[in-house]
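Numbering (the numbering used here), first residue to last: 226 to 650.
Think of the CB as a built atom: it goes at the ideal place given N, C-alpha and C, for glycine as much as any other residue.
Okay, so here's the structure we're looking at.
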Ligand SMILES: Nc1nc2c(ncn2[C@@H]2O[C@H](COP(=O)(O)OP(=O)(O)OP(=O)(O)O)[C@@H](O)[C@H]2O)c(=O)[nH]1
Ligand SMILES: [Mg+2]
């Protein structure tokens, strides 16, 4: 579907500010961007301040008529809530407000469904959607019947329940089918990852909040040092532009290559089920030797976004992997002397390319930290060892002597130990 062909659904956004959230207004702003990314047009916002949300309706009972009237006034076709609603809340709200009810998770799932391109991403999204739907079937049916205008009457309640059971079984069956298919796909990914790790080329993963500039950084590196500059990925000012994990090899011409992967961005309140559903693509993150956390430094909420990233990484069991922090979009922050490097942090700009080479240097320093300088004298009959070293080590000098090939190299400590018998002065 081309974007200009999309019909935007008019939505009313509703949030409850319990005072618990650090920056509630920002969360509502983000909900607006999420709605837009899901091809919806926010036509109004209603916020209620109260200490605890209503168990049955999420909003207070008195607020319901206000929401209903305002929705009619701004001709909203759907109502979107800022939090994950319980199945009974969806059911009750749909009945009271007589419009389809969505929550933040629905929006994220919709965006993911629109963006998923590869088979794997599509399977993951469908699984997450069905898993989310399963406990909410009753509420959804009411949502659907409102859309179709055929509300169920008491007389066919029994039939409705049987149908519900049938739907539930169908969905469960589909989920188990999808899981099997996903297992097969993730095996292929695992094989590819194993191959990459056997090749001993270090793996680096770009991580961070959605829209921080991960794909832009990947593309700059691919354009400069990738095997083919056509292999760039989509970079766009939009939440969740990237859903499919891409891995590219970066060769900077000094025998210190690395694999770079770009994957789905994180967001505040990213549904747990979704993180789980994306486990197989996110394994690229889990097994990386180094993470490059990309931060949108021009966003006033960058600190909260870093906290969300840290939390999501912990959930992925990737919290202990060493990190480089990229304060990206620094061009928008009136900073002089860019790029600026401070230990494992760098202030830079991916769009202007300022700092890309420094970042690559930092990455190489990290992943090739265990390289040591040494000399080998490899007898001619051990040609295999010599060619292995020439491929995997940084060769400073090579000489063909009477006793064999003399190599001056920077190689992994483990290789130096393995071929210690051939080391020489
Ligand atoms: N001014 C400025 N804009 C940038 C910079 N880096 C990226 N952008 C813009 O920010 C937007 C998002 O960039 P992406 O690279 O798609 O961000 P991402 O982190 O991959 O986002 P998701 O895939 O949605 O998680 C795009 O419009 C980029 O052009 C930068 O250094 N400076
Ligand atoms: Mg991206």
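Quick one: what's got a C-beta closer than 6 Å to residue i's C-beta in the same chain, skipping five residues either side?
| i | result |
| --- | --- |
| residue 605 | 629 |
| residue 589 | 481 |
| residue 569 | 549 |
Sorted by chain position, which residues of the same chain lie with C-beta nearer than 7 Å to residue i's C-beta, five sequence neighbours on each side aside?
| i | result |
| --- | --- |
| residue 564 | 571, 572, 573, 579, 580, 583 |
| residue 331 | none |
| residue 243 | 275, 276, 277, 278 |
| residue 396 | 355, 358, 359 |
| residue 295 | 237, 269, 271 |
Out of curiosity, what's the CA-to-CA distance linking residue i and residue j?
| i | j | result |
| --- | --- | --- |
| residue 319 | residue 310 | 12 Å |
| residue 258 | residue 611 | 56 Å |
| residue 282 | residue 361 | 15 Å |
| residue 591 | residue 535 | 20 Å |
| residue 637 | residue 483 | 14 Å |
| residue 333 | residue 250 | 19 Å |
| residue 415 | residue 407 | 12 Å |
| residue 443 | residue 617 | 24 Å |
| residue 285 | residue 279 | 6 Å |
| residue 559 | residue 646 | 56 Å |
| residue 510 | residue 248 | 29 Å |
| residue 193 | residue 436 | In the structure as shown, the chain begins at 226 and stops at 650. Residue 193 is therefore absent and cannot be evaluated. |
| residue 666 | residue 345 | Residue 666 is absent from the model: the chain starts at 226 and stops at 650. |
| residue 561 | residue 457 | 30 Å |
| residue 342 | residue 387 | 36 Å |
| residue 273 | residue 325 | 20 Å |
| residue 463 | residue 587 | 28 Å |
| residue 401 | residue 317 | 30 Å |
| residue 476 | residue 252 | 40 Å |
| residue 377 | residue 293 | Caution is warranted here: a pLDDT of 41 is assigned to residue 377, below 50, making its placement in the model unreliable, and no coordinate value can be reported. |
| residue 524 | residue 491 | 15 Å |
| residue 223 | residue 625 | The structure shown does not extend to residue 223, since the chain is modelled only from 226 to 650, so the question has no answer here. |
| residue 419 | residue 340 | 28 Å |
| residue 405 | residue 487 | 25 Å |
| residue 245 | residue 543 | 28 Å |
| residue 353 | residue 233 | 24 Å |
| residue 312 | residue 336 | 21 Å |
Does the Cβ of residue i have 16 or more other Cβ atoms within 10 Å, making it buried, or fewer, making it exposed?
| i | result |
| --- | --- |
| residue 268 | buried |
| residue 256 | buried |
| residue 497 | exposed |
| residue 398 | exposed |
| residue 433 | buried |
| residue 478 | exposed |
| residue 351 | buried |
| residue 643 | exposed |
| residue 597 | exposed |
| residue 231 | exposed |
| residue 493 | buried |
| residue 357 | buried |
| residue 470 | buried |
| residue 275 | exposed |
| residue 394 | exposed |
| residue 657 | Only positions 226 to 650 of the chain appear in this structure, which leaves residue 657 out of reach. |
| residue 594 | exposed |
| residue 263 | buried |
| residue 640 | buried |
| residue 554 | buried |
| residue 552 | buried |
| residue 349 | buried |
I believe residue i touches residue j by the beta-carbon criterion, under 8 Å. Please report the beta-carbon distance rounded to the nearest angstrom.
| i | j | result |
| --- | --- | --- |
| residue 648 | residue 600 | 7 Å |
| residue 429 | residue 513 | 6 Å |
| residue 576 | residue 556 | 7 Å |
| residue 289 | residue 323 | 11 Å between Cβ atoms; not a contact. |
| residue 417 | residue 585 | The Cβ separation is near 23 Å, so there is no contact. |
| residue 489 | residue 431 | Wrong, their Cβ atoms sit about 11 Å apart, outside the cutoff. |
| residue 533 | residue 527 | Wrong, their Cβ atoms sit about 11 Å apart, outside the cutoff. |
| residue 515 | residue 550 | Actually they do not touch by this definition, with Cβ atoms about 12 Å apart. |
Excluding the five sequence neighbours on either side, which residues of its own chain have a C-beta within less than 8 Å of the C-beta of residue i, listed in chain order?
| i | result |
| --- | --- |
| residue 459 | 440, 466, 467 |
| residue 500 | 507, 537, 540, 541 |
| residue 620 | 480, 614, 632, 633, 634 |
| residue 474 | 426, 451, 452, 482, 483, 484, 485 |
| residue 236 | 260, 265, 266, 267, 268, 301, 302, 303, 304, 305, 327 |
| residue 623 | 615, 630, 631, 632, 633 |
| residue 308 | 240, 241, 278, 283, 328, 329, 494 |
| residue 403 | 348, 351, 352, 355 |
Within 8 Å: the Cβ of residue i and any heavy atom of ligand 3?
| i | result |
| --- | --- |
| residue 460 | With respect to ligand 3, the structure shown offers nothing to examine, as its ligands consist of ligand 1 and ligand 2. |
Problem set entry | Those runs of the beta strand (DSSP E) which lie wholly inside the region 491 to 530 and span at least 3 residues | 515 to 521
Problem set entry | Length at least 3, wholly inside the region 419 to 450: the beta strand (DSSP E) runs in chain order | 428 to 433
Problem set entry | Any beta strand (DSSP E) of 3 or more consecutive residues that is wholly inside the region 562 to 649 | Within the region 562 to 649, the complete beta strand (DSSP E) runs of at least 3 residues are 565 to 567, 570 to 572, 596 to 603, 619 to 625, 630 to 637.
Problem set entry | Start-end ranges of the alpha helix (DSSP H) lying completely within the region 237 to 279, minimum 4 residues | 249 to 262
Problem set entry | Residue ranges of each alpha helix (DSSP H) within the region 308 to 372, 4 or longer | 312 to 322, 329 to 340, 344 to 358
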